[in-house]
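In the numbering used here, the protein residues as written are 85 to 423.
Glycine included, C-beta positions come from ideal geometry on N, C-alpha and C.
Below is one structure, written out as structure tokens, with a few remarks after it.
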Ligand SMILES: Nc1ncnc2c1ncn2[C@@H]1O[C@H](COP(=O)(O)OP(=O)(O)O)[C@@H](O)[C@H]1O
Ligand SMILES: [Mg+2]
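Pasting the structure below:
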């Protein structure tokens, strides 16, 4: 596959394969990390996820955006069982997987996979690609060698790599090919939902396009649903059907990608999203102007956690916390004064 592929465009508009079935239903999910002093005594809680609820529909690409530290990775890792939730429910394909031990949840979660920024980096350098690709299926048991090998070859082809690569070591292939192997490894467990955590960061634009096209191809071939975590707003706008905007552990805006990007309601989304250029325009990412610094996540302001940086803030915002309200078609925002 050539690295000069063009960027996918218009994916969010006119997609027809979103079925309307819920694959993942997250209810009041909380993940608090203990803050300890030098003597190991707990002095407070860092509320990395603070009452997060949303559903993911089968076949969609749902984007999660927000500044660094707002809880995007914590969300992915808590869904995946890498972190135990403090509270809340995670209903994946009809089963509540929250609160299960990683072992007990392993089977329920095998169709839910989490991919780090660079999935190729997790390949064992001492193993040939074949062994790395067989290993997840060996751990999960059930399949014999021949069956595993057949699946490995099919998936390797799907990610655009020749079979000859099975006999190579990771250092004998390029970084981009390692990434493909990393994805192939995840696919061997036949996931239905993949959490992609910053999957394009650190890639230059032409390689980004190739990898995004690969995600879209694989989505079609394997009927995948993606939770697409990224701080790259242009990429999110390009490929996500819906988007959640997070601020310090809370979803402050949620809705159809085009609606949210073209008319953000929450004052935080407004400053976050206003800085990105239109598709086809010049790419600027990571630069948006917001008044002041985010508050210390271990010591949030009362009421609305955005009020200390908000142009619309009123006394009411210090008294109670706004919930998401769905006063706009295809869009919800957690603000008393958003119009
Ligand atoms: N294992 C951990 N222990 C304590 N605090 C953590 C841990 N992981 C993340 N955090 C904190 O939780 C908040 C959210 O982090 P993270 O989910 O990594 O944000 P993002 O992925 O959006 O950049 C940050 O304040 C971070 O410092
Ligand atoms: Mg992160």
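In this structure, residue 274 and residue 195 form a Cβ contact; the two beta carbons are roughly 7 Å apart against a cut-off of 8 Å. Looking at the backbone, the Cα of residue 389 and that of residue 344 are separated by about 20 Å. Per the C-alpha coordinates, the member of 417, 184, 200 positioned closest to residue 193 is 184.
Cβ-Cβ distances below 6 Å link residue 175 to 109 in the same chain, with the five nearest sequence neighbours on each side left out; the list follows chain order. Between residue 155 and residue 133, the gap from beta carbon to beta carbon is short of 8 Å. Contiguous beta strand (DSSP E) elements confined to the stretch 276 to 364 occur at 277 to 281, 309 to 313, 326 to 331, 334 to 340, taking only those with 3 or more residues. In chain order, 386, 387 place their CB closer than 8 Å to the CB of residue 403, counting only its own chain and leaving out the 5 sequence neighbours on each side. Residue list for ligand 1: 117, 132, 152, 153, 154, 155, 156, 157, 158, 381 (CB closer than 5 Å to any heavy atom, chain order). Between residue 313 and the set 292, 207, 225, 284, the nearest pair of CA atoms involves 284. The beta carbon of residue 377 sits closer than 6 Å to none of the beta carbons in its chain outside the five residues before and after it.
When the alpha-carbon of residue 315 is set against those of 149, 353, 301, 112, the nearest one is in 149. Unbroken alpha helix (DSSP H) stretches of 4 residues or longer found wholly inside the stretch 140 to 222: 156 to 164, 186 to 192, given in chain order. Non-local C-beta neighbours of residue 270 in its own chain, meaning closer than 6 Å and more than five positions away in sequence, comprise 197, 199, ordered along the chain. Here the C-alpha atom of residue 130 lies approximately 24 Å from the C-alpha atom of residue 351. Cβ-Cβ distances below 7 Å link residue 208 to 216 in the same chain, with the five nearest sequence neighbours on each side left out; the list follows chain order.
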